[in-house]
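J.:
There are 4 protein chains.
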Amino acid sequence: YGKNTIKFLRLHKEGKKHFVKEVEVCAHLRLTSPQEYLEGNNSHVIPTDTIKNIVLVLAKKNGIPSLEQFAIDICNHFMTTFCQVAYVKTYVQEVPWQRLHEDGVPHIHSFICVPDGIRFCEAEQCRNGPLIVFAGIKDLKLMKTTQSGFEGFYKNEHTTLPERHDRILCGELFCKWSYGECKDFDFDCTWYKIRECILEAFAGPPDCGEYSPSYQKTVNSIQMLVLSRVSQVQVIEVVLNNTFYNVVDMKNLGLTNDKEVLVPVEAPYGSCACTLGRKKFFEA
Amino acid sequence: YGKNTIKFLRLHKEGKKHFVKEVEVCAHLRLTSPQEYLEGNNSHVIPTDTIKNIVLVLAKKNGIPSLEQFAIDICNHFMTTFCQVAYVKTYVQEVPWQRLHEDGVPHIHSFICVPDGIRFCEAEQCRNGPLIVFAGIKDLKLMKTTQSGFEGFYKNEHTTLPERHDRILCGELFCKWSYGECKDFDFDCTWYKIRECILEAFAGPPDCGEYSPSYQKTVNSIQMLVLSRVSQVQVIEVVLNNTFYNVVDMKNLGLTNDKEVLVPVEAPYGSCACTLGRKKFFEA
Amino acid sequence: YGKNTIKFLRLHKEGKKHFVKEVEVCAHLRLTSPQEYLEGNNSHVIPTDTIKNIVLVLAKKNGIPSLEQFAIDICNHFMTTFCQVAYVKTYVQEVPWQRLHEDGVPHIHSFICVPDGIRFCEAEQCRNGPLIVFAGIKDLKLMKTTQSGFEGFYKNEHTTLPERHDRILCGELFCKWSYGECKDFDFDCTWYKIRECILEAFAGPPDCGEYSPSYQKTVNSIQMLVLSRVSQVQVIEVVLNNTFYNVVDMKNLGLTNDKEVLVPVEAPYGSCACTLGRKKFFEA
Amino acid sequence: YGKNTIKFLRLHKEGKKHFVKEVEVCAHLRLTSPQEYLEGNNSHVIPTDTIKNIVLVLAKKNGIPSLEQFAIDICNHFMTTFCQVAYVKTYVQEVPWQRLHEDGVPHIHSFICVPDGIRFCEAEQCRNGPLIVFAGIKDLKLMKTTQSGFEGFYKNEHTTLPERHDRILCGELFCKWSYGECKDFDFDCTWYKIRECILEAFAGPPDCGEYSPSYQKTVNSIQMLVLSRVSQVQVIEVVLNNTFYNVVDMKNLGLTNDKEVLVPVEAPYGSCACTLGRKKFFEA
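Residue numbers (the working numbering), protein chains in the order written: chain A, 1 to 284; chain B, 1001 to 1284; chain C, 2001 to 2284; chain D, 3001 to 3284.
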């Protein structure tokens, strides 16, 4: 197979007001025959340069109504135009430009980049198969300064970790979910609703939070809340890359440190991941 | 000289509400004698490990009232404690944790990382000299989709760039300013006020913007606005790393492209920088 | 599942001569029951900290005879020690320290880091299944300045790429192959033999090279040579991330440029990948 | 001032043998008047695009005989062509392509990237001032597994570091030296000679090494050896970014660890730097 990445900016105006979408598109094709690999016969190969042109032409003609719709448009174009394509997957990721505000007033053409979680989506299709749409968020860094512990774990002669009932829970989230074949709903609105679920499940109620007995349970809470609140989601995968913080031992500096000063521990660096769907109940 | 970097998190509570500051501190020392270099005599050397301990102990004892005050505290500690120190500079940079909100309600102990411009500061002092405080913002990515051009530049036989009166202006800003010796004011409040000035000078009025004839002029507008609005600022340095966008030529694809689809140009990659003070009018 | 990364250095001496291996180990476990996710029951969870201790203890006791043997040792330890482990995969990557030489004389304890392709391996096992060993090389950057073209590809109205019979072929290679279950041979020697095959298939004979009609065919040539020369290899996957170079058009600067000055094209950025085994002939 | 970066590849042939240089050039200009900043008057501004064209044209016409000569050529061009230029600095950095060898036979057109220290140079000139040439190496990672200690340092109540007489010395070197105004010698040959001095001073004799009492003393040894062996070098600056390794305490795992298993310590991360010249003896 082959894939390639194109980065571009799509600008459109409504009156004097400007709207901007900057995206990175990655198209991934597999052809019906591997003759270019085995025989050096290029007659079915669609050059990277042509793929780039097609993506830019589609952006020019259709705009980018939503990341997901744009990914679907590209998939459809390749499947209907090129009979030598056996499989196509398109990945679209957004540069998080947000409109600038001055004293609460939105600016008509100025933007600031705010990378507090990057939105992406995927559409994929095998010839004669259904078109499946995925969406997700990545690089979302979250922290809880309390209401997190890790106790009752398996112990043997290699165990040195003490049990903790009040630690920092901090990590970088990757979430990706599938909408299955359904594709006629408001992708933007649904994405923001899911983002809210993720934050709510991570943090718990604003006045008291909710105790997390492990990174794993927090991963599961996020999945359960999204599945229960957003009916369009079929399957949801969550990966949580943990950053551990150690309370600095200040005894030999003559001080007590009651979880006031902590240092990030760069190794071991862990992550936990889980994929949860509606029918088959667990899969990893 | 020697320097070293320490990253840590300072947590404090007011009732049940948690407050978190995660910072990276870089301390830079120069000793009065270079004997450890020339003779391998370590008797005056303050180990990196000791510097780390001092920074953590100060954070534990004083907290981090503001980045600037913390940088000043560290400088003062080294100057008053170690007579072998000839010069000290401390750099403090913040991890941009923001309190999470659920439906507008602030969460008591959950935070999200929002890197839309990183706040930093510096304090430096030579023995017997004044303590100077700097503050700044870096990695601030901004874009104007119109009200920017570049015309009337110098031309010769190596010129191929066309004149443009409606281009994209996009870049990553680094701004650093000095407060001189004055140090008894609200550093947090002043920093946010300067950030507002930067955004306003970059973007212009929200309903129409302001035409920028060059990256250089935009740099100067930022400096002039900050100096005019914030009396504590003595000198301000601005570096703007430009990202250029080219309108894609779609003629041979049978389409006209009226600044709707643009691609970022990764080379040549330029930047312009200027330092502007109150008395001596120009310096670069 | 959960995984985590540990970086460490293993030093050993033979007489006065020092030998150093610095590795990054990533262990990936899946337990028989997901109860820690679903119920917050941690009683089967093996903490990241314990995994780190086990890896360090094995390195202390056994040393790192080869990356592959060390990965096998870790797999075996987890499978035989923890009955709650359903699946284990270990990834081991080497920091490319090489012994320093002075006028051809090897230094007994000094090393230089030479990252011209990073060696890695994997071992994986399901409970009651065979232990499978993989090895590979990544971040290997190669260039041919001639004997490469791209012609006869598929064309339609979105094609703008001209045919080329003398272009630069440049890219970053990732190769990963499986040794199947066989594990009693000299892993180090075999790895170096495969590296030689990769370089030879990429470059062709030293006096004239060999024409490559596409990145895809070069990928296939590498696979075919490795499979034909090294009988232990069962399946080989190759990914080639392409860097394209354009000959700079200097006509409007009054010069002809006969492939003398070229600029790298950062977008579109492509890659091609293929997996080739012994029996089932093609798979991607 | 303004600066910008251009990356390109210069290819030339001698018979059937190909020679390749890929470089990154950064040109930094300051104009005599800041009118483009203050008044938005662009009439003296040399666009980034023009600078790129000039660099590419010089590469086409002159080739890149050495990095240093190319940097000098660019400086000279700007100073003699543009009377509005008050100051020019050019930085040239090499992509470390090395010719591939098969069984010891050099390949006529295939190359591998070997980043074991990156070569760079600078040329700078003020109008009516001398042209000064610098050269250097960066990202050079070296390690000594013994013959290094750190003892007799300053101690007070914040000291927790134990004295060590047999530790790992590991770091990333940056060295930059000036050739002053002299410019008629073999830059390539001199650069390789200096690289050898750096390695020799770092490592000591191949059969026994040489004890280093501190990172600082190793920095000084490098400077002293270069200045004593290479008469063209006027001033040499060395920065050594330290990576510390801790011997893992395995007592509570029931094992003794005699400097066999060590982990890198990511914080505190230190560096030491020194600039040494011929006449004025110390400056930092």
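Idealized CB from N, CA, C, for every residue including glycine.
Mapping DSSP to helix, strand and coil, what is D/I3194?
T.: For the purposes of this step, residue 3194 of chain D is taken as the residue at position 194 of the fourth sequence. Helix.
J.: Just to confirm the assignment, what range does the alpha helix (DSSP H) spanning A/Y37 have?
T.: If you number the first sequence from 1, residue 37 of chain A lands on position 37. From DSSP, the alpha helix (DSSP H) with A/Y37 extends over Q35 to L38.
J.: Closer than 8 Å by beta-carbon distance: list the chain B residues that pair up with D/E3094, in chain order.
T.: In the fourth sequence, counting from the first residue as 1, residue 3094 of chain D sits at position 94. Here the premise fails: no neighbours, minimum Cβ distance about 16 Å.
J.: Grouping DSSP H, G and I as helix and E and B as strand, with all else coil, what is B/N1076?
T.: Indexing the second sequence from 1 puts residue 1076 of chain B at position 76. If DSSP states are grouped into helix, strand and coil, B/N1076 belongs with the helices.
J.: Look up A/E210 in the DSSP assignment and say whether it is helix, strand or coil.
T.: The residue given as residue 210 of chain A occupies position 210 in the first sequence. Three-state result, A/E210: coil.
J.: Can you give me the Cβ contacts of A/L262 inside the same chain, cut-off strictly under 8 Å, excluding the 5 residues immediately before and after it?
T.: Along the first sequence, read from residue 1 onward, the residue named residue 262 of chain A stands at position 262. So the list reads I168, Y245, N246, V247 and V248, once near-sequence residues are dropped.
J.: Identify the residues that DSSP records as bridge partners of B/M1143: which are they?
T.: By 1-based counting over the second sequence, the position of residue 1143 of chain B is 143. BP columns for B/M1143 point to A/F111 and B/C1170.
J.: What are the residues of the segment 1154-1168 of chain B that lie near chain C, defined by any Cβ-Cβ distance shorter than 7 Å?
T.: H1158 and T1160
J.: Counting only Cβ pairs nearer than 9 Å, list the residues of chain D close to B/N1128.
T.: Counting from 1 along the second sequence, the entry for residue 1128 of chain B is found at position 128. Identification of chain D residues near B/N1128 by a Cβ-Cβ cut-off of 9 Å yields none; the smallest Cβ-Cβ distance measures about 18 Å.
J.: In or out: B/T1090 buried (at least 16 other Cβ within 10 Å) or exposed?
T.: As a first step, residue 1090 of chain B is located in the second sequence; it is residue number 90 there, counting from the start. Result: buried.
J.: Residues of chain D with a CB under 9 Å from the CB of B/L948: which are they?
T.: Because chain B here runs from 1001 to 1284, residue 948 of chain B falls outside it and cannot be looked at.
J.: Determine the contact status of B/C1272 and B/V1239, defining contact as a CB-CB distance below 9 Å.
T.: What you label residue 1272 of chain B is simply residue 272 of the second sequence in a count that begins at 1. What you label residue 1239 of chain B is simply residue 239 of the second sequence in a count that begins at 1. The answer is yes: Cβ separation under 9 Å.
J.: C/H2165: buried (16+ other C-beta within 10 angstroms of its C-beta) or exposed?
T.: Taking the third sequence and counting its residues from 1, one reaches residue 2165 of chain C at position 165. Under this definition C/H2165 is an exposed residue.
J.: Let me confirm a value: D/F3282 is counted as buried when at least 16 other C-beta atoms fall within 10 Å, else exposed. Which label applies?
T.: Residue 3282 of chain D sits at position 282 when you count from the first residue of the fourth sequence. Low confidence applies to D/F3282: its pLDDT is 42, below 50, so where it sits in the model is not reliable enough to give any reading.
J.: I think C/T2159 touches A/T5, with their Cβ atoms under 8 Å apart; what is that distance to the nearest whole Å?
T.: On the third sequence, residue 2159 of chain C is found 159 positions in, with the first residue counted as 1. On the first sequence, residue 5 of chain A is found 5 positions in, with the first residue counted as 1. Wrong, their Cβ atoms sit about 19 Å apart, outside the cutoff.
J.: Excluding sequence positions up to five away, which residues of its chain have a Cβ less than 6 Å from the Cβ of D/H3044?
T.: By one-based count along the fourth sequence, residue 3044 of chain D stands at place 44. Taken in chain order, the residues that qualify are L3031 and Q3084.
J.: Going along the segment 1228-1260 of chain B in order, which residues come within less than 8 Å of chain A, judged by CB to CB distance?
T.: Y1245, V1248, M1250, L1253, L1255, N1257, K1259 and E1260
J.: Grab me the residues of D/N3042's own chain with a C-beta within less than 7 Å of its C-beta, minus the 5 sequence neighbours each way, in chain order.
T.: Counted from its first residue, the fourth sequence places residue 3042 of chain D at position 42. Cβ within range, chain order: E3036.
J.: Quick check on B/G1277 - is its C-beta less than 9 Å from some C-beta in chain D?
T.: In the second sequence, residue 1277 of chain B corresponds to position 277, counting from 1. So no, B/G1277 is outside the interface.
J.: Looking at chain A, which residues of the segment 1109-1126 of chain B have a Cβ within less than 9 Å of any of its Cβ atoms?
T.: H1109, S1110, F1111, I1112, C1113, V1114, P1115, D1116 and G1117
J.: With H, G and I counted as helix, E and B as strand and the rest as coil, what does DSSP make of B/R1164?
T.: Locating residue 1164 of chain B in the second sequence gives position 164, counting from the first residue. Three-state DSSP puts B/R1164 in a strand.
J.: Which residues in chain B sit within 8 Å of A/N53, going by Cβ to Cβ distance?
T.: Indexing the first sequence from 1 puts residue 53 of chain A at position 53. Near A/N53 (Cβ distances below 8 Å), the residues of chain B are L1253.
J.: Taking contact to mean 3 or more Cβ pairs, one atom from each stretch, closer than 8 Å, check whether the segment 1106-1124 of chain B and the segment 144-154 of chain A are in contact.
T.: yes
J.: Residues of chain B with CB under 9 Å from D/S3043, in chain order?
T.: Walking along the fourth sequence from the start, residue 3043 of chain D turns up at place 43. G1152, F1153 and Y1154, listed in chain order.
J.: Is DSSP giving A/F282 helix, strand or coil here?
T.: Numbered from its first residue, the first sequence carries residue 282 of chain A at position 282. Residue placement at A/F282 is poorly supported in this model, since its pLDDT is 42, which falls under 50; the coordinates are not used for a value here.
J.: Report the option in A/S214, A/R278, A/E266 and A/K21 whose CA atom is closest to the CA atom of A/T243.
T.: Here residue 243 of chain A is taken as the residue at index 243 of the first sequence, counted from 1. Considering only alpha carbons, the answer is A/E266.
J.: Decide if D/D3207 is buried, meaning its Cβ has at least 16 other Cβ atoms within 10 Å, or exposed.
T.: As a position in the fourth sequence, residue 3207 of chain D is number 207, starting the count at 1. Result: exposed.
J.: Does D/L3255 come out as helix, strand or coil in the three-state DSSP assignment?
T.: By one-based count along the fourth sequence, residue 3255 of chain D stands at place 255. Correct three-state label for D/L3255: coil.
J.: Can you look up D/T3090 in the DSSP assignment and give me helix, strand or coil?
T.: As a working mapping, residue 3090 of chain D is identified with position 90 in the fourth sequence. For D/T3090, the secondary structure class from DSSP, reduced to helix, strand or coil, is strand.
J.: Given this structure, state the Cα-to-Cα distance separating B/G1149 from B/Q1216, to the nearest angstrom.
T.: On the second sequence, residue 1149 of chain B is found 149 positions in, with the first residue counted as 1. On the second sequence, residue 1216 of chain B is found 216 positions in, with the first residue counted as 1. When rounded, the separation of the alpha-carbon atoms in B/G1149 and B/Q1216 is 12 Å.
J.: Say yes only if the C-beta of C/V2238 is nearer than 8 Å to one or more non-hydrogen atoms of the ligand ZN, and no if none qualify.
T.: Here there are no bound small molecules, and the ligand ZN is not part of this structure.
J.: Please return the same chain residues whose Cβ sits closer than 7 Å to the Cβ of B/P1096, not counting the five positions on each side in sequence.
T.: Locating residue 1096 of chain B in the second sequence gives position 96, where the first residue counts as 1. Contacts found: C1113, V1114, P1115 and I1118.
J.: Any idea what DSSP makes of D/E3068, helix, strand or coil?
T.: Residue numbering aside, residue 3068 of chain D sits at position 68 when the fourth sequence is read from its first letter. Here D/E3068 sits in helix by DSSP.
J.: If distances are taken between C-alpha atoms only, which option among C/C2121, C/V2219 and C/E2163 comes closest to C/Y2179?
T.: Reading the third sequence from its first residue, position 179 is the one you call residue 2179 of chain C. Looking at the Cα atoms, C/C2121 is the closest of the given residues.
J.: Quick check on DSSP: helix, strand or coil for B/Q1223?
T.: As a working note, residue 1223 of chain B is residue 223 in the second sequence. B/Q1223 falls in the helix class under three-state DSSP.
J.: What first and last residue would you give for the beta strand (DSSP E) that runs through D/N3053?
T.: As a working mapping, residue 3053 of chain D is identified with position 53 in the fourth sequence. Taken as a continuous stretch (DSSP letters only), D/N3053 belongs to no beta strand (DSSP E), being part of the alpha helix (DSSP H) at T3048 to N3062.
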